[in-house]
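**Q** Chains A and B supply the protein sequences, listed in that same order. 227 is the number that the numbering used here gives to position 215 of the first sequence; each next residue is one higher, with no gaps. 685 is the number that the numbering used here gives to position 217 of the second sequence; each next residue is one higher, with no gaps. Note that the Cβ used here is the ideal one computed from N, Cα and C, for glycine as well. Given the structure is predicted, the values throughout are model-derived calculations rather than measurements. Got a structure for you, questions after.
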Amino acid sequence: MSRVFIEFDTVTKRYGDLTVLDKVDLTVDRHEVVTLIGASGSGKSTLLRCVNGLENIQGGQILLNGDVVSGEGVDLVALRRRVGIVFQSYNLFPHMTVLRNCTLTPVRAGVATRAEAESNARAMLERVGLKDKADAYPDQLSGGQQQRVAIARAMLMRPQALLLDEITSALDPELVIEVLNLVRELASDGITMMMTTHEMPFAREISSKVCFLHQGTILEQGPPEQIFDSPSTPELRSFLRKIHEAGRD
Amino acid sequence: MKVQAPEGREAPPAPSDISFAPARPLPTTAYLTAAAILALLAATLCYQLTALLVTGSATRLLLGAVLPIAALGWPLSLAYRRTRQSQQDWAARRYVEARTAAANSRNAAITSLGLSGCVAIVAVLALMVFTNDGAVQKTFFNGEYMTRSFFDILRALWINVQIALGAQVLAMVFGLVLAIGRQLPGRGFRPVRALSIAYIDVFRGIPSVVLIYLVCYGLPLTEVPFLSGGSLIVYAIVALAMTYSAYNAELYRAGIESINPGQSSAALSMGLTQTDVMRFVILPQMARNIAAPMLSTFIGLQKDTALVIVVGIIDAFSQAKIYSANDFNLSAVTAVCIVFVLITIPQTRFVDYLLARNGARKTGV
Ligand SMILES: Nc1ncnc2c1ncn2[C@@H]1O[C@H](COP(=O)(O)OP(=O)(O)OP(=O)(O)O)[C@@H](O)[C@H]1O
Ligand SMILES: [Mg+2]
């Protein structure tokens, strides 16, 4: 069994004339946490959305566990059950209770009966500290609670990899910590993760690899110490300086 | 050395003090004037009306002058007294009290305006109905003609109900098919999209009455097997459903487009199939969004059922028309109006109730 789990092979993504990802090469190993950093508009979200087929790509290919998952003829439903994603804006279903948000897909996908799905969901909700919110509706929860439900909901499909797109950006500072603690815990359980974040100390702590995206290309990648402590390109140096000036490092 | 006010509070400095210029109370003169004029007008109209309806001069004086002046004068005098109060407070340098009194005076003046306005409008309408020796009343609101035709009208209304319900069910189902059809993704579905759009464009444009005429008179003539055998009522249902499914398709589309695209990204990312995303995530949220406008279209459809008169179906309106032609009086037709209004009101309340219940459930009340 190869160590590489997700592989980007010269991936190019265009919106019309705008090239958003330009020949991106990147590998993510099993149980690894890879963090994408870069200025707004550098293509971080797009890169994540390509992995589970929310965006199609115009060049190169993406492989999951050695098998091509980009282009025509891919079973997107099956792919997405293997790769979960959590968004900045939670996107819980507002017309369903927290519990039903968590059980809908497992039941529909046939991976669990309703009773199993509910007991799994309750266990997962307990784990994310929301046991007593199972019957609440999303708009009765705080942002941090909603985001933890969104993570629980994604984890209940037992994905092999989890994509986290700026999951703390919409949260107040005191709520960020509860979500980050949860992510830290999942990482220590060994799930493969790709994420984007503006929380640099967190990225440094949790990542095995950090990639710096600049205008759709990966300019630098490596272990967090290398990226944060000895940046080699002027672009990364200037990005880190801006982060520092904003007090976010 | 500070001056102590009688209540023990600190007295504000005099307005002549340059460093302290308290905001003046809101002006009320315009409000008071307008309220007074309108109240006078309303009272005059009331007096005119009693002149038309009441004989005894004492009762006329009581109903036409004393009562309206007392009723309309009360908020007006309240407004006036509060303005006076405000002026006195201002002179005594009780600025906050002065401003409060002025604001209250304005509120009273607005109440007075609203009251007088309503009374004036009702009085004008009543004057119109009872003028010319009650000509309007006798033509449109003759109680005897109304009650005599009422039960036949109700019986004929059953036809309208059948047509409305049948057409609504068809139009909701077919409209949804059209709405989904026009937004199916990918190149393969292009013909389906084109066809859906073409249907909506065409059938939304044809007047319902023309379509009813064409379908009800046309289909039997064609002698096409299966299509030509139905009853007139079935044809009318089909004709109205053809129009209203086009309306509904656009409603559904707007309801779907108003849902945050993040909802379907999230649902797809979890590994739900397209059909499940539609069924469990999009359509339930859409239903809530469109309940109220859907009811409006449904009420439109209910009223359009009266158009079947052009093909000789005896519905409530055409029944009333028969009565009114015999009686040389339109009261039976007015009765139809009343019946139609009466059946729509509970529907509106019902949808309000559904939406409120949904809202309450969502916020856990
Ligand atoms: N649907 C779209 N159509 C056209 N252009 C798009 C679309 N989505 C994203 N883009 C463009 O792609 C580029 C990369 O966007 P992306 O969302 O990946 O940036 P990002 O790195 O995630 O930024 P942020 O930190 O602000 O989230 C941007 O220039 C954006 O304008
Ligand atoms: Mg982004």
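1) I want to know whether the stretch 50 to 68 of chain A touches the stretch 196 to 205 of chain A - three or more CB-CB distances under 8 Å.
2) Can you list the residues of chain A that B:Arg756 reaches, using a CB-CB cut of under 9 Å?
3) Give the DSSP-derived three-state secondary structure of A:His256 in the structure shown.
4) Taking a Cβ distance cut-off of 8 Å, strictly less, list which residues of the stretch 730 to 756 of chain B are near chain A, in chain order.
5) If you run the structure through DSSP and keep just helix, strand and coil, what is A:Met108?
6) When Cβ atoms are compared, which residues of the stretch 52 to 69 of chain A fall closer than 7 Å to chain B?
7) Can you confirm whether A:Val89, when its beta carbon is compared against all beta carbons of chain B, has any partner nearer than 7 Å?
8) Report the three-state DSSP secondary structure of A:Arg170 (helix, strand or coil).
9) Give the interface partners of A:Leu116 over in chain B, defined as CB-CB distance under 7 Å, in chain order.
10) Do three or more CB pairs link the stretch 159 to 171 of chain A to the stretch 110 to 119 of chain A at distances below 8 Å?
11) I need the DSSP call for B:Lys470, collapsed to helix, strand or coil.
12) With H, G and I counted as helix, E and B as strand and the rest as coil, what does DSSP make of B:Val833?
13) Taking buried to mean at least 16 other C-beta atoms within 10 Å of its own C-beta, is B:Val471 buried or exposed?
14) Can you tell me where the alpha helix (DSSP H) with B:Gln556 in it begins and where it stops?
15) Rounding to the nearest angstrom, what Cα-Cα distance links A:Thr39 and B:Ser737 in this structure?
16) For B:Thr816, tell me which candidate among B:Ser764, B:Gly768, B:Asn826 has the shortest Cα-Cα distance.
17) With H, G and I counted as helix, E and B as strand and the rest as coil, what does DSSP make of B:Gln787?
18) Using alpha carbons as the reference points, say which of A:Arg170, A:Gly50, A:Asp37, A:Thr47 lies closest to A:Gly72.
19) Let me know if B:Trp558 comes out buried or exposed under the rule of 16 or more other beta-carbons within 10 Å of its beta-carbon.
20) Starting from B:Met710, follow its DSSP beta bridges and name the residues at the other end.
21) If the cut is a Cβ gap below 8 Å, which residues of chain B does A:Ala127 touch?
22) I'd like the span of the alpha helix (DSSP H) that includes A:Met212, first residue to last.
23) Could you have a look at A:Val40 and say whether DSSP puts it in helix, strand or coil?
24) Just reading off the beta strand (DSSP E) that A:Tyr8 is part of, what are its end residues?
25) Any heavy atom of ligand 1 closer than 6 Å to the beta-carbon of A:Ser57?
26) Could you tell me whether the Cβ atoms of B:Arg552 and B:Asn572 are closer together than 7 Å?
27) If you compare alpha carbons, which of A:Val46, A:Phe20, A:Gly53 is closest to A:Leu176?
28) For a minimum of 4 consecutive residues, which ranges assigned as the alpha helix (DSSP H) are wholly contained in the stretch 141 to 188 of chain A?
29) For A:Thr47, which three-state DSSP category applies?
30) Quick check: the Cα distance between A:Leu48 and A:Arg134, rounded to an integer number of angstroms?
31) For a minimum of 3 consecutive residues, which ranges assigned as the beta strand (DSSP E) are wholly contained in the stretch 222 to 252 of chain A?
32) Relative to ligand 1, is the shortest distance from any of its heavy atoms to the C-beta of A:Val32 smaller than 6 Å?
33) Could you give the distance in angstroms between the alpha-carbon of B:Gln770 and the alpha-carbon of B:Gly739?
34) From the DSSP output, read off the bridge partner residues of A:Val191.
35) Return the Cβ separation of B:Asn610 and B:Ser799 in integer angstroms, given the expectation that the two are a contact with Cβ distance under 8 Å.
36) Say yes only if the C-beta of B:Ser732 is nearer than 6 Å to one or more non-hydrogen atoms of ligand 1, and no if none qualify.
**A** Taking the geometry as given:
1) no
2) His107
3) helix
4) Gly730, Gln731, Ser733, Ala734, Ala735, Leu736, Ser737, Met738, Gly739, Leu740, Thr741, Asp744, Phe748, Val749, Pro752, Gln753, Arg756
5) coil
6) Result list: Asn64, Leu66.
7) yes
8) coil
9) Phe748
10) yes
11) For B:Lys470, the predicted structure reports a pLDDT of 45, less than 50, and the residue's modelled location is therefore unreliable. The matter cannot be settled from this model.
12) At B:Val833 the pLDDT is 38, less than 50, meaning the model places this residue with poor confidence; the figure from the coordinates comes in the next sentence. Here B:Val833 sits in coil by DSSP.
13) Note on B:Val471: pLDDT 45, under 50, position unreliable in the model; no value is reported.
14) 535 to 559
15) 21 Å
16) B:Ser764
17) helix
18) A:Asp37
19) buried
20) Per DSSP, B:Met710 has no beta bridge partner at all.
21) Within chain B, no residue comes near A:Ala127; the closest Cβ sits about 19 Å away, beyond 8 Å.
22) 212 to 218
23) strand
24) Since the displayed chain A opens at 13 and closes at 261, residue 8 of chain A lies outside it and no answer follows.
25) yes
26) No, Cβ-Cβ distance for B:Arg552 and B:Asn572 is not below 7 Å.
27) A:Val46
28) 155 to 167
29) strand
30) 32 Å
31) Secondary structure remark: continuous beta strand (DSSP E) runs of at least 3 residues inside the stretch 222 to 252 of chain A, in chain order: 229 to 234.
32) yes
33) Going from the Cα of B:Gln770 to the Cα of B:Gly739 covers about 42 Å.
34) In DSSP, A:Val191 forms no bridge with anything.
35) 4 Å
36) no
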